[in-house]
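Student:
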Amino acid sequence: MPLSYIPPEKQTPEICLAAVMRRPDSLKVLHPSKQTREVCLAAVRLDHNCLQFVHYENRTYEVCLAAVENNWPAIQWVPQKYQTPEMCLAAIRRSPYAIFIPSSVSGKNEL
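The numbering of the sequence shown is full-length UniProt numbering, which starts it at 1 and goes up by one.
Right under this line is the structure:
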């Protein structure tokens, strides 16, 4: 049964995690309060595209880094405050084609 058919009050952390493990894009139907750290990490580790479905408040540095380390294009959904030299280097380590330096980082000598 798809997660969208389960009433929010019955969406336990275990059910949410199981749904995301089976279909990572199930994250997009979860209320932000159901998007726990564990659920978000599982989703982005299975499918980097799921970072776009992580509610903005739940996009921690750890979740963003896991998505970028999974596949570098996820950097496009990383909030500006986390677009650090380290995040950019994680993308480049994943693929040399990831050479993109956001305006927030360009001009800094750390790279």
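Ideal Cβ positions, reconstructed from N, Cα and C, are used throughout, including at glycine.
CB-CB under 8 Å to E62, same chain, minus the five flanking residues each way: which ones, in chain order?
Tutor: Position 62 of the sequence shown holds residue 62. Answer for E62: R37 and L41, listed in chain order.
Student: So, are the CB atoms of M87 and L51 less than 8 Å apart?
Tutor: By 1-based counting over the sequence shown, the position of residue 87 is 87. By 1-based counting over the sequence shown, the position of residue 51 is 51. Cβ atoms of M87 and L51: not closer than 8 Å.
Student: What separation, rounded to the nearest whole angstrom, lies between the Cα atoms of A98 and P32?
Tutor: The residue given as residue 98 occupies position 98 in the sequence shown. The residue given as residue 32 occupies position 32 in the sequence shown. If I take the Cα positions, the gap works out to 30 Å.
Student: What number of angstroms, rounded off, separates the C-alpha of Q11 from the C-alpha of W72?
Tutor: Position 11 of the sequence shown, counted from the start, is the residue given in the question as residue 11. Position 72 of the sequence shown, counted from the start, is the residue given in the question as residue 72. Distance between the alpha carbons of Q11 and W72: 31 Å.
Student: For a test of the three-state rule: what should DSSP assign to D47, helix, strand or coil?
Tutor: Position 47 of the sequence shown holds residue 47. If DSSP states are grouped into helix, strand and coil, D47 belongs with coil.
Student: Going by the beta-carbon positions, is the gap between A19 and V44 smaller than 8 Å?
Tutor: Working through the sequence shown from its first residue, we reach residue 19 at position 19. Working through the sequence shown from its first residue, we reach residue 44 at position 44. No, the Cβ-Cβ distance between A19 and V44 is not below 8 Å.
Student: Let me make sure I understand the geometry here. Which of V54, V78, I92 and Q83 has the alpha-carbon closest to that of K28?
Tutor: Start at 1 with the first residue of the sequence shown, and residue 28 comes out as number 28. Ranking the options by Cα distance to K28, first place goes to V54.
Student: Given this structure, state the Cα-to-Cα distance separating residue 139 from Y82, to the nearest angstrom.
Tutor: Only positions 1 to 111 of the chain appear in the structure, and residue 139 is not among them; the question remains open.
Student: Short of 6 Å in beta carbon distance, which residues of its chain neighbour V39, apart from the five on each side in sequence? Order them along the chain.
Tutor: Within the sequence shown, residue 39 is the residue found at index 39, counting from 1. If we look at V39 and ignore the five residues flanking it on each side, its Cβ neighbours are C16, L17 and V20.
Student: Which two residues bound the contiguous alpha helix (DSSP H) that contains L17?
Tutor: For the purposes of this step, residue 17 is taken as residue 17 along the sequence shown, with counting starting at 1. Segment P13 to R22, the alpha helix (DSSP H) holding L17.
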